[in-house]
Amino acid sequence: MKEHRMAVTAVRITQNDLECVSSGSDGQMLTWSLTRHIRLKQMVKTTNFQIIDYQPDDQQFVACSLDRFAKYFNAFKGKQLREVELSDEELCYIAVDSTEMKLALAQNISYI
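Remember, the working numbering sits 219 above the position in the sequence shown when you count from 1.
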(Lines of atoms letter the chains of each structure in order from A; the text may use other names.)
(Lines give C-alpha, C1' and ligand atoms only; values in the text may rest on other atoms or scores of the structure.)
Protein backbone atom coordinates (compact mmCIF):
# COMPACT_ATOMS: atom_id res chain seq x y z
CA MET A 220 0.00 0.00 0.00
CA LYS A 221 3.03 2.24 -0.16
CA GLU A 222 1.97 3.54 -3.57
CA HIS A 223 -0.81 5.68 -2.10
CA ARG A 224 0.53 9.20 -1.60
CA MET A 225 -2.05 10.06 1.04
CA ALA A 226 -4.19 8.20 3.59
CA VAL A 227 -5.84 4.92 2.60
CA THR A 228 -9.61 5.33 2.95
CA ALA A 229 -10.87 1.80 2.15
CA VAL A 230 -9.53 -1.73 1.66
CA ARG A 231 -11.44 -4.88 0.70
CA ILE A 232 -10.06 -8.41 0.20
CA THR A 233 -11.52 -10.89 -2.30
CA GLN A 234 -13.42 -13.98 -1.10
CA ASN A 235 -10.46 -16.22 -2.00
CA ASP A 236 -7.94 -13.98 -0.15
CA LEU A 237 -5.73 -13.67 -3.26
CA GLU A 238 -6.27 -10.00 -4.14
CA CYS A 239 -7.51 -6.77 -2.64
CA VAL A 240 -8.52 -3.30 -3.73
CA SER A 241 -7.58 -0.11 -1.91
CA SER A 242 -8.68 3.49 -2.24
CA GLY A 243 -6.84 6.53 -1.02
CA SER A 244 -7.56 10.17 -0.40
CA ASP A 245 -5.05 10.87 -3.18
CA GLY A 246 -7.73 9.81 -5.69
CA GLN A 247 -6.13 6.49 -6.60
CA MET A 248 -7.76 3.10 -6.47
CA LEU A 249 -5.35 0.18 -6.71
CA THR A 250 -5.74 -3.58 -6.98
CA TRP A 251 -3.10 -5.78 -5.38
CA SER A 252 -1.92 -9.39 -5.49
CA LEU A 253 -1.66 -10.60 -1.90
CA THR A 254 0.39 -13.64 -2.93
CA ARG A 255 2.95 -11.87 -5.12
CA HIS A 256 2.88 -8.61 -3.10
CA ILE A 257 2.59 -6.39 -6.18
CA ARG A 258 0.16 -3.84 -7.57
CA LEU A 259 -1.98 -5.25 -10.39
CA LYS A 260 -4.00 -2.26 -11.63
CA GLN A 261 -4.06 1.45 -10.99
CA MET A 262 -7.17 3.55 -11.45
CA VAL A 263 -6.28 7.22 -11.07
CA LYS A 264 -8.52 10.25 -10.91
CA THR A 265 -11.22 8.34 -9.12
CA THR A 266 -13.39 9.74 -6.39
CA ASN A 267 -12.28 9.46 -2.79
CA PHE A 268 -14.06 6.16 -2.07
CA GLN A 269 -15.00 5.42 1.53
CA ILE A 270 -16.59 2.00 1.00
CA ILE A 271 -15.63 -0.90 -1.29
CA ASP A 272 -17.05 -4.41 -1.56
CA TYR A 273 -16.54 -7.23 -4.04
CA GLN A 274 -19.41 -9.04 -5.72
CA PRO A 275 -19.58 -12.72 -4.61
CA ASP A 276 -17.73 -13.99 -7.69
CA ASP A 277 -14.86 -11.46 -7.20
CA GLN A 278 -15.19 -10.36 -10.84
CA GLN A 279 -16.61 -6.93 -9.98
CA PHE A 280 -16.49 -4.58 -7.06
CA VAL A 281 -18.67 -1.66 -6.11
CA ALA A 282 -17.31 1.48 -4.48
CA CYS A 283 -19.24 4.30 -2.81
CA SER A 284 -17.98 7.76 -2.09
CA LEU A 285 -18.96 10.98 -0.41
CA ASP A 286 -20.52 12.18 -3.68
CA ARG A 287 -23.39 9.66 -3.13
CA PHE A 288 -22.63 7.57 -6.20
CA ALA A 289 -21.97 3.84 -6.44
CA LYS A 290 -19.47 2.95 -9.14
CA TYR A 291 -19.09 -0.60 -10.39
CA PHE A 292 -15.70 -1.78 -11.66
CA ASN A 293 -14.40 -4.83 -13.50
CA ALA A 294 -11.89 -6.29 -11.02
CA PHE A 295 -9.63 -7.77 -13.71
CA LYS A 296 -9.40 -4.81 -16.10
CA GLY A 297 -9.88 -2.01 -13.59
CA LYS A 298 -12.44 -0.33 -15.85
CA GLN A 299 -15.52 1.42 -14.55
CA LEU A 300 -18.64 -0.39 -15.76
CA ARG A 301 -21.40 1.90 -14.55
CA GLU A 302 -22.32 4.61 -12.10
CA VAL A 303 -25.54 4.92 -10.10
CA GLU A 304 -26.71 7.89 -8.03
CA LEU A 305 -27.95 6.48 -4.77
CA SER A 306 -29.10 8.96 -2.20
CA ASP A 307 -29.39 12.54 -1.06
CA GLU A 308 -27.26 11.68 1.97
CA GLU A 309 -23.69 10.54 2.49
CA LEU A 310 -23.35 6.73 2.43
CA CYS A 311 -21.37 4.95 5.11
CA TYR A 312 -21.93 1.20 4.81
CA ILE A 313 -22.33 -1.36 2.05
CA ALA A 314 -23.19 -5.07 2.13
CA VAL A 315 -23.41 -7.42 -0.84
CA ASP A 316 -25.81 -10.38 -0.73
CA SER A 317 -23.87 -13.41 -1.93
CA THR A 318 -26.92 -15.31 -3.17
CA GLU A 319 -28.86 -12.75 -5.18
CA MET A 320 -26.16 -10.24 -6.22
CA LYS A 321 -28.03 -7.44 -4.44
CA LEU A 322 -26.43 -4.74 -2.37
CA ALA A 323 -27.64 -2.77 0.61
CA LEU A 324 -26.45 0.71 1.51
CA ALA A 325 -26.85 2.60 4.76
CA GLN A 326 -26.38 6.14 5.91
CA ASN A 327 -24.66 7.34 9.04
CA ILE A 328 -27.37 7.97 11.63
CA SER A 329 -26.47 10.03 14.66
CA TYR A 330 -28.55 10.03 17.81
CA ILE A 331 -28.99 12.96 20.17
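Where is the CB? At the ideal position from N, CA and C, for every residue including glycine.
Those residues which DSSP pairs with residue i across a bridge
i: Arg301; result: Tyr291
i: Leu249; result: Ser241 and Gln261
i: Arg231; result: Val240
i: Gln278; result: DSSP, once it has assigned bridges, lists no residue as partnering Gln278.
Exposure of residue i, with buried meaning 16 or more beta-carbon neighbours within 10 Å
i: Leu253; result: exposed
i: Ile257; result: exposed
i: Met262; result: buried
i: Ala226; result: exposed
i: Glu304; result: exposed
Delimiting residues of the beta strand (DSSP E) encompassing residue i
i: Asp272; result: Phe268 to Tyr273
Proximity below 9 Å, CB of residue i to CB of residue j
i: Ala407; j: Glu302; result: Given that the chain is displayed from residue 220 to residue 331, the structure contains no residue 407 and the question cannot be resolved.
i: Arg231; j: Tyr273; result: yes
i: Gly246; j: Lys264; result: yes
i: Gln234; j: Asp277; result: yes
i: Gly297; j: Leu237; result: no
Residue i Cβ short of 8 Å to the ligand SAM heavy atom set
i: Thr233; result: Of the ligands one can find in the structure shown there are none, so the ligand SAM has no counterpart to examine.
Nearest-angstrom beta carbon gap, residue j and residue i [assumed within contact, 8 Å]
i: Ile271; j: Ser244; result: Ile271 to Ser244, Cβ: 14 Å. No contact.
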